[in-house]
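Throughout, our numbering is defined as the position within the sequence shown, counted from one, plus 111. Accompanying notes for the structure given below.
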Amino acid sequence: MIMMGRGVGASLGASVRGLGLVVAVALGACGDSDQLVRDTSGSDDGKEQDAAGDGTSDAVEDATVDPLTLLPLACSDTKPCGGVRVCRSGVCVGDPPTTSIASITDPVGDKPTSTPPNLGCVGAVPGTPEGPETATLFGAVARFGSGDKTNGMIVDVFLADTFDPSGCEAEASDKAKRDCYDAYGTPIGSATSAPATPDHVPDECLAHADCPLGFRCVAGDLGKECLEQYGVFEIPDVPTNTMLVIRTRPPAGASSAWHTTWAFNVYLYADQVDGQGRAHYDATIVSHGQWLNTPNTVKLPEIPETRGVVGGRIRDCRVGGERNSWAMAEASLGLANAPKKFVYFNNLEDDTVPLESRVTTNILGRFAALDVPVGWNLLSGAVRVGDEVVSIGATRVYVFPYGLSVVSTPGLAPHWVQQ
């Protein structure tokens, strides 16, 4: 498999630092080519193949070539896909089953709809609506999976256009690499999550949205009640209409219970800043128990400390000021540097156990790619809209050792409300 060392990482330059929907035009040039290449190697689930399908590559690294085009499952008109995969925005992706028709889910009560997704933002520059140039970013540190309260977590905000941790790949040892990633970058803002102190906590609740920030609606002996679960944070002077990366990491001494989580495609739309100059986005962190549970459920061993995980939600595109990006069901996904396995989940927000048999996103748009090589990668996918299979575009994401990279695509992660 191709790993990007310091020389290759340096050649990425500005083209790799533009994350999210700012993708290389060259990768999108192959579009939605329906060309299929016969695969004689049998099942290719989780394999990393070149165009010939034999796991080797004759490509020569060149400083003028985007290294992501050299990854095993990257594709183009001159580098077609093997097996049943199709080239979708530069990545070989398996099409969704013929019965899997894409739809979006109303976030109020997570109610599925029969409405097809809006894909107008695919390949487009994010919108820049009018509003304040900066905002106070606030939210909860949401925990993926069970675990302790998320107080004391460190939340850092980075500008995506200067974000490139690939220099850490040149460190001599695995520990040195991990230390380099932990210390990477100069954030434009930071905060440490603290216990929530709401003015009022309801005596009972029916859903998480009934509870104040940092609290969850949990079933107890006498019914459901709002219980404190998450720490909360505020970071002033965060730019709006700007692509961001958010890192959430545990405090010193707590690293064994948590895995550092990086959120890509975070974008605070200026027209979503409230009257107090605040914009809501909930950061995420994953507990070690969930880190172990997810691969074990699908019969994979523990993820090595030298590899990582990509997860998140597939969302359609925001519709102006009318609605945010809604979760998209029935999307199939692929990475240019393949994971050991893609997994998808059921339709319950609080159930974080994957379904081994599922091959597309659920009504919540949730997915995870388990045991992924470290380095820059490219995520793409396909959905059925009517009688046509179309690409959802390509998103650059960096994979960290023993860490989780969270991606929302093609709709940017907007106004992420704890619910």
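Here a beta-carbon is modelled for each residue, glycine too, at the ideal position from N, C-alpha and C. Fair warning: this is a prediction, and the values are worked out from it, not measured in the lab.
Please report the straight-line C-alpha distance between Gly346 and Val266, rounded to a whole angstrom. The sequence shown places Ile at residue 346, rather than the Gly named in the question. The alpha-carbon atoms of Ile346 and Val266 are separated by roughly 9 Å.
Any chance the CB of Asp332 is under 8 Å from a heavy atom of the ligand ATP? Although the ligand ATP was asked about, the structure shown includes no ligands whatsoever.
Kindly list the residues whose CB is nearer than 8 Å to the CB of Ala365, restricted to its own chain and excluding five residues on each side of it in sequence; keep chain order. Gly263
Rounded to whole angstroms, what's the CA-CA distance from Pro512 to Leu179? Just pull it up for me. Across the structure, Pro512 and Leu179 are spaced so that their CA atoms are roughly 18 Å apart.
Does the beta carbon of Thr471 come closer than 9 Å to any beta carbon on chain B? Given the protein chain composition of this structure (a single chain), no chain B is represented.
Which value, in whole angstroms, describes the spacing of the CA atoms of Val343 and His391? 11 Å
With 16 other Cβ atoms within 10 Å as the buried cut-off, status of Gln387: exposed
Per DSSP, which residues does Leu446 bridge with? Please list them. Leu490, per the DSSP bridge assignment.
I need the DSSP call for Glu441, collapsed to helix, strand or coil. coil
Can you list, in chain order, the residues of its chain whose CB lies under 6 Å from that of Thr417, leaving out five sequence neighbours each side? Excluding residues within five positions, the ones whose Cβ falls inside 6 Å are Asp285 and Pro512.
In angstroms with no decimal places, state the Cα-to-Cα distance between Val517 and Leu490. 11 Å
Using C-beta distances below 8 Å, list every residue in its chain close to Trp369, excluding the 5 sequence neighbours before and after it, in chain order. Gly258, Met264, Arg360, Pro361, Ile396, Val397, Ser398 and His399
Using a Cβ-Cβ cutoff of less than 7 Å, which residues in the same chain neighbour Cys192 once the five nearest sequence positions on both sides are dropped? Val148, Cys186, Cys198 and Cys203
Pop quiz: Thr463 and Gln401 are said to be a contact at Cβ under 8 Å. What is the actual Cβ separation, rounded to whole angstroms? 6 Å
Between Gly256 and Asn404, is the Cβ-Cβ spacing less than 9 Å? Yes, Cβ-Cβ distance for Gly256 and Asn404 is below 9 Å.
When we look at the beta-carbon of Ser225 and count the other beta-carbons within 10 Å, is it buried (16 or more) or exposed? exposed
DSSP on Gly157, reduced to helix/strand/coil? With a pLDDT of 37 at Gly157, under the threshold of 50, the modelled position of that residue is not reliable, and the figure given next carries that caveat. Coil at Gly157, not helix or strand.
When DSSP labels each residue in this structure, what does Asn404 get in the three-state scheme? Three-state result, Asn404: helix.
Measuring CB to CB, does Val501 end up less than 9 Å from Val494? yes
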